[in-house]
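Worksheet for the structure shown next.
2 protein chains.
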Amino acid sequence: MAGETGTFSRRTFLNWVGAAGGSSAVYQASIALGLLPASDAVADRAALPNLDGARRSVVILGAGISGLACAYELERAGFACTVIEASNRIGGRNLTIRRGDVVDEAGYQQVCDFDDHPNLYFNAGPARIPGHHRLVLHYCKVLGVPLEVFVNENRHAWVHDSVAFEGRPVRLREFVTDARGFMTELMAKAISPGDFDAEFTEADAERFFLFLRRYGDLDENDVYRKSGRAGYAEGGMVKPAVYKAPYDFREILKHEFWTRGMHWTAAEDQAAPMMQAVGGNDQLVRGFVRHIESPIIVGAPVQSIMLREGGVDVIYAKGGASQTISADFCLNSIPKHLLPGIRNNFPADYLKGMESVGRGKLMKIGIQMAERFWEKQDIYGGISWTDQPIEQIWYPSHGIHDNKGVMLGAYVFNAGTCLEFGRLTPEERLARAIAQGEKIHPAYASHVQSGVSVVWHRMNHLLGCTAVWRRDTRERWFNRLQQPEGRHYLMGDQISYHPGWQEGALGSAHFALADLGKRVQAELGGDAVHA
Amino acid sequence: MAGETGTFSRRTFLNWVGAAGGSSAVYQASIALGLLPASDAVADRAALPNLDGARRSVVILGAGISGLACAYELERAGFACTVIEASNRIGGRNLTIRRGDVVDEAGYQQVCDFDDHPNLYFNAGPARIPGHHRLVLHYCKVLGVPLEVFVNENRHAWVHDSVAFEGRPVRLREFVTDARGFMTELMAKAISPGDFDAEFTEADAERFFLFLRRYGDLDENDVYRKSGRAGYAEGGMVKPAVYKAPYDFREILKHEFWTRGMHWTAAEDQAAPMMQAVGGNDQLVRGFVRHIESPIIVGAPVQSIMLREGGVDVIYAKGGASQTISADFCLNSIPKHLLPGIRNNFPADYLKGMESVGRGKLMKIGIQMAERFWEKQDIYGGISWTDQPIEQIWYPSHGIHDNKGVMLGAYVFNAGTCLEFGRLTPEERLARAIAQGEKIHPAYASHVQSGVSVVWHRMNHLLGCTAVWRRDTRERWFNRLQQPEGRHYLMGDQISYHPGWQEGALGSAHFALADLGKRVQAELGGDAVHA
Numbered sequence: 013m014a015g016e017t018g019t020f021s022r023r024t025f026l027n028w029v030g031a032a033g034g035s036s037a038v039y040q041a042s043i044a045l046g047l048l049p050a051s052d053a054v055a056d057r058a059a060l061p062n063l064d065g066a067r068r069s070v071v072i073l074g075a076g077i078s079g080l081a082c083a084y085e086l087e088r089a090g091f092a093c094t095v096i097e098a099s100n101r102i103g104g105r106n107l108t109i110r111r112g113d114v115v116d117e118a119g120y121q122q123v124c125d126f127d128d129h130p131n132l133y134f135n136a137g138p139a140r141i142p143g144h145h146r147l148v149l150h151y152c153k154v155l156g157v158p159l160e161v162f163v164n165e166n167r168h169a170w171v172h173d174s175v176a177f178e179g180r181p182v183r184l185r186e187f188v189t190d191a192r193g194f195m196t197e198l199m200a201k202a203i204s205p206g207d208f209d210a211e212f213t214e215a216d217a218e219r220f221f222l223f224l225r226r227y228g229d230l231d232e233n234d235v236y237r238k239s240g241r242a243g244y245a246e247g248g249m250v251k252p253a254v255y256k257a258p259y260d261f262r263e264i265l266k267h268e269f270w271t272r273g274m275h276w277t278a279a280e281d282q283a284a285p286m287m288q289a290v291g292g293n294d295q296l297v298r299g300f301v302r303h304i305e306s307p308i309i310v311g312a313p314v315q316s317i318m319l320r321e322g323g324v325d326v327i328y329a330k331g332g333a334s335q336t337i338s339a340d341f342c343l344n345s346i347p348k349h350l351l352p353g354i355r356n357n358f359p360a361d362y363l364k365g366m367e368s369v370g371r372g373k374l375m376k377i378g379i380q381m382a383e384r385f386w387e388k389q390d391i392y393g394g395i396s397w398t399d400q401p402i403e404q405i406w407y408p409s410h411g412i413h414d415n416k417g418v419m420l421g422a423y424v425f426n427a428g429t430c431l432e433f434g435r436l437t438p439e440e441r442l443a444r445a446i447a448q449g450e451k452i453h454p455a456y457a458s459h460v461q462s463g464v465s466v467v468w469h470r471m472n473h474l475l476g477c478t479a480v481w482r483r484d485t486r487e488r489w490f491n492r493l494q495q496p497e498g499r500h501y502l503m504g505d506q507i508s509y510h511p512g513w514q515e516g517a518l519g520s521a522h523f524a525l526a527d528l529g530k531r532v533q534a535e536l537g538g539d540a541v542h543a
Numbered sequence: 013m014a015g016e017t018g019t020f021s022r023r024t025f026l027n028w029v030g031a032a033g034g035s036s037a038v039y040q041a042s043i044a045l046g047l048l049p050a051s052d053a054v055a056d057r058a059a060l061p062n063l064d065g066a067r068r069s070v071v072i073l074g075a076g077i078s079g080l081a082c083a084y085e086l087e088r089a090g091f092a093c094t095v096i097e098a099s100n101r102i103g104g105r106n107l108t109i110r111r112g113d114v115v116d117e118a119g120y121q122q123v124c125d126f127d128d129h130p131n132l133y134f135n136a137g138p139a140r141i142p143g144h145h146r147l148v149l150h151y152c153k154v155l156g157v158p159l160e161v162f163v164n165e166n167r168h169a170w171v172h173d174s175v176a177f178e179g180r181p182v183r184l185r186e187f188v189t190d191a192r193g194f195m196t197e198l199m200a201k202a203i204s205p206g207d208f209d210a211e212f213t214e215a216d217a218e219r220f221f222l223f224l225r226r227y228g229d230l231d232e233n234d235v236y237r238k239s240g241r242a243g244y245a246e247g248g249m250v251k252p253a254v255y256k257a258p259y260d261f262r263e264i265l266k267h268e269f270w271t272r273g274m275h276w277t278a279a280e281d282q283a284a285p286m287m288q289a290v291g292g293n294d295q296l297v298r299g300f301v302r303h304i305e306s307p308i309i310v311g312a313p314v315q316s317i318m319l320r321e322g323g324v325d326v327i328y329a330k331g332g333a334s335q336t337i338s339a340d341f342c343l344n345s346i347p348k349h350l351l352p353g354i355r356n357n358f359p360a361d362y363l364k365g366m367e368s369v370g371r372g373k374l375m376k377i378g379i380q381m382a383e384r385f386w387e388k389q390d391i392y393g394g395i396s397w398t399d400q401p402i403e404q405i406w407y408p409s410h411g412i413h414d415n416k417g418v419m420l421g422a423y424v425f426n427a428g429t430c431l432e433f434g435r436l437t438p439e440e441r442l443a444r445a446i447a448q449g450e451k452i453h454p455a456y457a458s459h460v461q462s463g464v465s466v467v468w469h470r471m472n473h474l475l476g477c478t479a480v481w482r483r484d485t486r487e488r489w490f491n492r493l494q495q496p497e498g499r500h501y502l503m504g505d506q507i508s509y510h511p512g513w514q515e516g517a518l519g520s521a522h523f524a525l526a527d528l529g530k531r532v533q534a535e536l537g538g539d540a541v542h543a
């Protein structure tokens, strides 16, 4: 039924199958993917030469995840490393906030007032680890960081749109089930078995209609009337189950949820299951620190980076004085948008690349609740979605049935909203998040005990949340910035195809280490690189 | 385009909307569901009268979850309880198997040979708790049973069909993404904006097409070409992502996965998130036992149940002798298919009901693996699906990155397959499960250290796995069996709309308690029933 005639081309169906790739392409691709995991396992050590008594020094700028991984790998291979960190804290954007922690924001100082309890923390940075982020998982394993399952999708959570359903939140499972049901009912009615191409056998077509029926949970007449997938309206245990009537599909179409949230946990990095470190995701930072012997100098903003033949000279401030450190190589994870403000002798196009790539913005607000009221609504972990500026509410995956819990009261991806929240005082931000939370959970405010906001573009020494690559900047600048300039490497999640993810940071670190390793190997003349 | 003409009725769309219920029905239902959680919270105590010095005795037959819950509630209300259990073990089908445990099967004796380690156990019975199973969760909370998240869906797990894709397993996320993509592409092409009714506005129709595009991750021409939701073929971190080509949809249609497994985690009791008790689900049994003071007499098969005016007399065997116990009430969770074999004076129709309802069959095999090889394939918890007799393979949700793990090597729902496996020796069952596992995980056998099978219809004192209710037996017999016969109550998950679930067992227990409570209250003449 392509085009305006309203008739379904008999060849169309098979053409679509064809457009999706012939058998051989399909099989090649599936084999490629199917076999990938076994052959692409993370090596025990980064590809670095064994120095065997030779001396090489590396200065690492930034004690975030990429810098820490480099120090860990390099020192095990015999390199002399120094890590320089501008802030007084190790970890970069891997930040877990607990009682007494100070949020180092420009202009406002917040001190976290959560209760002192191991379950009461707030992952202001990375909060969830997908099963295919192999480097993150590798380091969690070798550094002894215990992991637990993180709930990214909760079908009992709420989806809220200020306009649809008169502004009332509905259960995620109802929304998704009704949308699927209606969509497949429409499809089952719009297509006839006679429409299929001869190569699409009658048996195929029959299976297709059965597929639709199962997919949408349609009745034997291919009508979507009700589904247990939406949950019960009542009963189901000692009385017969009563199912809710489907929603009006036009209300569903009005709703913002399907534009993003509904497919969230199908996304490449959001699919179930996800994991988190037990006790807070900064356990990965602590794991690195436990295993690193090289000096990590904190409270030491870099003032100058000078490339020279055979090395790099770095000047940093520490205790009111300037210190100079010279090394054979520099691995630099300082946010690229801050580097033009540091004295340097980078080539003009290298700097232009750094300035051309966008600066990310993100905001999170953590709120300690006196009571885990969400558990009384059958919600254990996961996310509620709203079209309000707070975008998402998260329920903790851990501490089930504790008295208290720390929720995420806002997770703002929209840059304009981040700017707007950033201009408010922390108290005003919290008040706004609470008011919006009330639309989803009546009496929300009554449970609030304490809140803390992290507006990443206002955090000292960061002033942004990773890089925003557009297609044009990616094509023009990515390789330029990924390749070393002399003996200086830009790195971190900003120099990856996964900005904002620890896996991007670690991938970038390993990319730089591999290149550095090859060069040192060439200098040493040997070939004893660890596999 | 309903019917044979291939044209799309202009009224059809709105009729479908109408068929799905008008606005007022929709709103009523949604309000009903939306408000349910707050108003339907589990009361702190079962609805039992406070005896205030009056004496009432209850004999409870069966120390499974329903029996334990009854003892717990009744003794707190002042009732004198005795629990009689045929087997030497408390818990019924809530069974966690660890090193040294004996599997009490008729004909074969297995002793579990797993390593002695807190993470190496196998939940042979209930293994996952949904967020809306409020009674189970209530008891976990009040009995101090710590819970953790259980992975029920893993998009990195495998789906395998012996015929489709030439018998090669494919990743669940690839299968689901391609199926969605193809289905919505077909739909977007088969329907024209002009087909919609005038009441379905142009803006609605536009949003519908955008909805489809997002739903299937179609490109700007509404063609499904590739999707990150299926995962990467390669790259994505330091190199650009390469996406796999979509599979041939005819292969997808051949596959058994979409007939059940694909929609599994949309089902009412299978939706994310689910939970498990830390250390094994029999922690709930242990929690009850810690809090129950009434005698629980094990190894005591019931020989006779005699109803009489004002009470029930039960004879049970213990230590080679017969013991008699008389009580004011009897709460009986003995499997209904075993009761006709016990001497009784039940009315004929009561017995006929017990005999009319089917006897369930289920089988699980737990296997200790020397290595958590699945984690090298990005699999952390969850289920792989196959059309082979083993049906499912489960990966443990706990003990991430441990050296070893206990997998579920088979979860057989098909009754015929259960019978077939049941006729084999435990060694033969394990060998068969391993051979089938090899189709999904090459070198599977090389990791196997030890296995144990639980064939529920062969387990002593159970000889079945709950009740199988058909529509006709439900209509004819459910109310008859749910209502007490004199002072005798049949209970357990078998007398619920959730056979095979602890929530059904607890719901049934509370139903019986509420009825018993009302009767005692009436006898006492008061009205001080706990709310």
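Protein chains in written order, with this note's numbering: chain A, 13 to 543; chain B, 13 to 543.
C-beta: ideal position from N, C-alpha, C; glycine also.
Min CB distance TRP406/A to chain B below 7 Å
no
Taking all protein chains shown into account, decide if GLY428/B is buried (16 or more other Cβ within 10 angstroms of its Cβ) or exposed.
exposed
With DSSP collapsed to three states, give me the class of CYS152/B.
helix
For PRO158/A versus ASN166/B, is the C-beta distance shorter than 7 Å?
no
Partner residues on chain B for PHE134/A, Cβ-Cβ distance less than 8 Å:
Within 8 Å Cβ-Cβ: nothing; PHE134/A doesn't reach chain B, min ~19 Å.
Which same chain residues, not among the five before or five after VAL532/B, have their C-beta less than 7 Å away from its C-beta?
PRO61, ARG68
Straight-line gap, GLN380/A to GLY463/A (C-alpha atoms, nearest Å):
6 Å
Can you give me the Cβ contacts of ALA44/B inside the same chain, cut-off strictly under 6 Å, excluding the 5 residues immediately before and after it?
Reliability of the predicted coordinates at ALA44/B is poor, the pLDDT of 37 falling under 50, and no value is obtained from them.
DSSP three-state assignment for THR277/B, whether helix, strand or coil:
helix
Mind listing which residues of the segment 260 to 272 of chain A have their C-beta closer than 9 Å to chain B's C-betas, in chain order?
ASP260, PHE261, ARG262, GLU263, ILE264, LEU265, LYS266, TRP270, THR271, ARG272
Assuming the contact rule is C-beta atoms closer than 8 Å, ILE452/A and THR398/A should be a hit. Round their C-beta distance to whole Å, please.
6 Å
Near MET199/B, what residues of its chain come up, given a Cβ to Cβ distance below 7 Å and the 5 sequence neighbours on each side ignored?
LEU224
Sequence-distant residues of the same chain with beta carbon closer than 7 Å to LEU536/B, five excluded per side
PRO61, ALA66
Could you have a look at ARG226/B and say whether DSSP puts it in helix, strand or coil?
helix
Neighbourhood of ASN106/B by C-beta, 8 Å cutoff - its chain only, sequence neighbours within 5 removed
GLY76, ILE77, GLY137, PRO138, ASN293, ASP294, LEU296, VAL297, GLN514
Going by alpha carbons, who is nearest to ALA517/A out of LEU343/A, GLN122/A, GLU178/A?
LEU343/A
Suppose the cutoff is 6 Å on Cβ atoms and the five residues either side in sequence are ignored; what does the same chain contact list for ALA176/B look like?
GLU263, LYS266, HIS267
Since CYS152/A and HIS413/B are thought to touch, with beta carbons under 8 Å apart, how far apart are those beta carbons, to the nearest angstrom?
7 Å
Could you please give the first and the last residue of the uninterrupted beta strand (DSSP E) stretch that includes GLN122/A?
121 to 123
I'd like to know whether the C-beta of LEU536/A is nearer than 7 Å to at least one C-beta of chain B.
no
Looking at C-alpha atoms only, which residue of ILE405/B, GLY411/B, HIS410/B is the closest neighbour of PHE425/B?
ILE405/B
Under three-state DSSP, which class holds VAL532/A?
helix
Would you kindly work out how many angstroms separate the C-alpha atoms of GLY346/A and GLY228/B, rounded to a whole number?
The displayed chain sequence assigns Ile, not Gly, to residue 346/A. Rounded to the nearest angstrom, the two C-alpha atoms are 39 Å apart.
Using a Cβ cut-off of 7 Å (strictly closer), state whether VAL161/B contacts chain A.
yes
Cβ of ASP484/B less than 7 Å from any chain A Cβ?
no
Would you mind sorting PHE523/A into buried or exposed? The rule is 16 or more other CB atoms within 10 Å of its CB.
buried
If you drop the 5 nearest sequence neighbours on each side, which residues of the same chain put their C-beta closer than 6 Å to that of ILE327/B?
GLN315, SER316, SER334, THR336
Give me the chain A residues within the contact set of ALA610/B, using Cβ-Cβ distance strictly less than 7 Å, ordered along the chain.
The structure shown has nothing for residue 610/B, since chain B only spans 13 to 543.
What ranges does the beta strand (DSSP E) occupy inside the segment 478 to 512 of chain B, keeping only unbroken runs of at least 3 residues that lie completely in it?
500 to 502
7 Å Cβ cutoff, TYR392/B in contact with chain A
yes
Tell me the DSSP bridge mates of VAL301/A?
BP columns for VAL301/A are empty, so no partner.
Positions along the segment 189 to 200 of chain B whose CB lies within less than 9 Å of some CB in chain A
THR189, ASP190, ALA191, ARG192, GLY193, PHE194, MET195, THR196, GLU197, LEU198, MET199
Measure the alpha-carbon distance for GLY498/B versus VAL466/B and round it to whole angstroms.
36 Å
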